[in-house]
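This report refers to the structure that appears directly beneath it.
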Amino acid sequence: MVINKRNILLKPLLKEDMPLFEEWLNKGYVYKWLCPDGEEQRKAWLEEVNNKDGKYNFLTHFIVYHNERKIGYCLYADCFFLKDLEEEGHDFESLYGDVTEKNHTFEIGYLIGEEEYLNKGISKIVIQQLEEKITALGGREITADPSEENTFSIKALLSNGFMKKKDGDYRKAII
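Be aware that the sequence shown starts at 1004, since it is given in my numbering, and climbs by one per residue.
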């Protein structure tokens, strides 16, 4: 399978995408990285995505498409709001306590939900497209907090110009 950057699109996550998102979240290789603290964290993800127009309105969620097929999920969040959020398994204050203004630093997250699309360079393309969206908003820094054992994600971040600040904190300045 040949993946062309033009064939990868990010479209807003819709309510009808929720069963597919939950299916991906329950897959062992996704659950391992997104829910390392277990079931409470999985429930927190579902609550967050289901309440994207309420409590979590500072998060922007997308479904990743290859041609017309839904293959993954991604998001960005303004860290100015994220740092004050108390979530199971995350100490956002220690990660983003240095963020002092809105629309400056954005956290990204992504997953490939369809196994046959793993290790095809899609995460790298998704990161690039998220960066384009954040740049259009005036963002000046992008951050991600992968587990240090998630070497594929870290390689995708590093290949996009991210630098390791500390374990689980990778950042890229947007110029």
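Cβ atoms here follow ideal geometry from the backbone N, Cα and C, with glycine treated the same way.
- Looking from the CA of residue 1011, the closest CA among 1139, 1115, 1166, 1173 belongs to 1115.
- Within the model, the alpha-carbon separation for residue 1165 versus residue 1042 is close to 30 Å.
- In terms of CA proximity to residue 1127, 1077 leads the group 1023, 1083, 1030, 1077.
- Using a 10 angstroms sphere on the CB of residue 1149, the tally of other CB atoms reaches 16 or more, which defines it as buried.
- The shortest C-alpha to C-alpha distance from residue 1142 to any of 1176, 1069, 1123, 1160 is the one to 1176.
- Of the candidates 1081, 1052, 1140, 1121, the residue whose Cα lies closest to the Cα of residue 1104 is 1081.
- Residue 1124 holds the alpha-carbon nearest to the alpha-carbon of residue 1007 among 1145, 1160, 1124, 1162.
- For residue 1022, the uninterrupted alpha helix (DSSP H) run begins and ends at 1021 to 1028, by DSSP.
- Residue pairing by DSSP places residue 1040 in no beta bridge whatsoever.
- Taking the C-beta atoms as reference points, residue 1111 is found nearer than 7 Å to residue 1133.
- For residue 1109, the enclosing beta strand (DSSP E) starts and ends at 1108 to 1115.
- Residue pairing of residue 1077 in beta bridges, as defined by DSSP: 1065, 1113.
- Across the structure, residue 1157 and residue 1151 are spaced so that their CA atoms are roughly 8 Å apart.
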